[in-house]
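What follows is one structure encoded as C-alpha cells, with my remarks underneath.
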Amino acid sequence: MADREGDDASGSFRNDVIAGLSTRPRAIPARWFYDERGSELFEDITRLPEYYPTRVETELLRSRAGDMAAAAGFGRAVVEFGSGSSTKTPHLLRAAQPAAYVLIDISGDFLRASAAGLAERFPDLPIHPLEADFMRPYRLPAAVSDLPKLGFFPGSTIGNMVPRSAVDLLRRMRDVLGEGAALLIGMDRVKSPDILVPAYDDAAGVTAAFNLNLLHRINKELGGTIPIDHFRHRAIWNDPMARIEMHLEATRDVSFDVDGRSFEMAAGETIHTENSHKYGPRDARLLLRAGGWTPIDEWTDEEDQFAVLLAEA
Ligand code: AVI
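Quick note: the sequence shown uses UniProt numbering, first residue 1, plus one each step.
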C-alpha cells in the first residue's frame, strides 16, 4: 500500500478551474491534464515522431547511466519525483545499485502500477511508493532516513513550472533529500521553433487531443457545458520567456457553465493550459544554483537537444 500524504486533489481541481476561467488572461494549471485519459494521451505523445524529449532522454540514460551513477556515487536511496517511467528508471536502477527506491506521485493508481512493475524487474530492491504531491510538504519513508539520497527528476517536468516555482521545488527537494544528496534532473534545451512547435502540435493531433481533454474533464467532473467543438489547440513559442505555451482557443464567441458559474469567451480568446520552459546550458546551471544545488556534471546528446544534469546539495 502506498502511504497517503497531502490534500485530496479534487477540491483543488474545481478551485483552479473556476479561478482560472475567471482571471485574465485565463489559465488553468497543467497538472490537471493528467486524469486517466490524459495520462494515456501523454504516453502516446512520448512515442510521437515529433516529440523528441522522451526518446533523447531515454537514450541518454540507456547509454550513460553508468557514468551518471558513478559520478553520483553508488548505493544511495534513489528518490524519483513522479511515478517511475518504465523505460527510463530501470536504466538508472541497474546502474546505481541503490540501497532502496522511493517513488513519489500524486496519482495512487499510477504509483502502485509503477511500483508493481519495478518490483517484478528488481525483486531484491526495497521499493517504497509514496502517494504525495511533491509540490507540497511531505516526509520520506523512515526506512530511507539514514541513507544518502539520489533524487531523480527526469522528463523535463521542471520545465512545466515557471522559474519561481521551479526554484521553490528544487529547494524543497534539497530539504527533503538532505545533506550530501545528489540530484539527477532532465531539462529540455532551447532550440529552433521549427523543431519545438511541431513537438507540441503534432501532425496526428495527439497533443491537440491531450490539451482538449482538459475541457472534457471539466465537463465530466465539474458539470461543465463547454462546447468543445468550438475550441482548438494552439502551441506557441514564446521567445522572450524561452517556453512553449499551450492554449485552448475559442474559434467563435462561446458561453458555458462550470459548476453553476457562467462564463463567456470571445472568438480568438484563449485559456492558457501549459508552459514548457527550455533551458540553455547556462540557464540550466543557474536554475539549479538558484534552487540551492551545485551543478557538477551533465550529459547531452550529439545535437544538444536535451540534457541530464547532476548536482549536489
Ligand atoms: C510532462 N512534460 C514534461 C511535457 C512537456 O514536454 O512539457 C508535457 C507535454 N505537453 C505537451 N506535450 C508534452
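Built from N, CA and C at the ideal position, the CB exists for glycine as well.
Assuming G268 and A250 form a contact by the criterion Cβ under 8 Å, report the distance between their Cβ atoms to the nearest whole angstrom.
7 Å
What does the alpha-carbon distance come out to for the pair E80 and R26?
32 Å
For E249, which of helix, strand or coil comes out of DSSP?
strand
Can you list the alpha helix (DSSP H) stretches of 4 or more residues lying completely in the stretch 53–99, in chain order?
Runs found: 89–96.
Hey, is T58 close to ligand 1, as in C-beta under 7 Å from one of its heavy atoms?
no
Could you check how far apart the C-beta atoms of F122 and L93 are, in whole angstroms? I think they sit under 8 Å.
6 Å
Nonlocal neighbours in the same chain, by C-beta distance under 6 Å from L177, ignoring five residues either side:
K149, G151
State the CB to CB distance for the pair D259 and I18, rounded to an integer number of angstroms; the pair is presumed to be in contact (CB under 8 Å).
Correct: roughly 6 Å between the Cβ atoms.
Confirm the yes/no value for this check: CB of S156, any heavy atom of ligand 1, distance under 7 Å.
yes
Hey, quick one: how far does the alpha helix (DSSP H) through A284 stretch, first residue to last?
Residues 281–290.
For G151, which three-state DSSP category applies?
Reduced to three states, the DSSP call for G151 is strand.
Quick one, which of E36, D229, S192, P193 has its alpha-carbon nearest D109's?
E36
If we call anything under 8 Å between Cβ atoms a contact, is M246 one with T273?
yes
Can you tell me where the alpha helix (DSSP H) with N238 in it begins and where it stops?
Element bounds for N238: not the alpha helix (DSSP H) but the beta strand (DSSP E), 231–238.
So is the beta-carbon of S114 under 7 Å away from any non-hydrogen atom of ligand 1?
Distance from the C-beta of S114 to the nearest heavy atom of ligand 1 is not below 7 Å.
Please indicate yes or no: does the CB of N160 lie closer than 7 Å to some heavy atom of ligand 1?
yes
Within 8 Å, strictly: CB atoms of R174 and A313:
yes
Neighbour-count burial assignment, N275, 16 or more Cβ in a 10 Å radius
Label assigned to N275: buried.
In the DSSP assignment, find the alpha helix (DSSP H) that holds G186 and state where it starts and stops.
Segment 182–188 is the beta strand (DSSP E) holding G186; no alpha helix (DSSP H) there.
Can you have a look at P29 and say buried or exposed, based on whether 16 or more other CB atoms are within 10 angstroms of its CB?
buried
DSSP three-state assignment for R261, whether helix, strand or coil:
If DSSP states are grouped into helix, strand and coil, R261 belongs with the strands.
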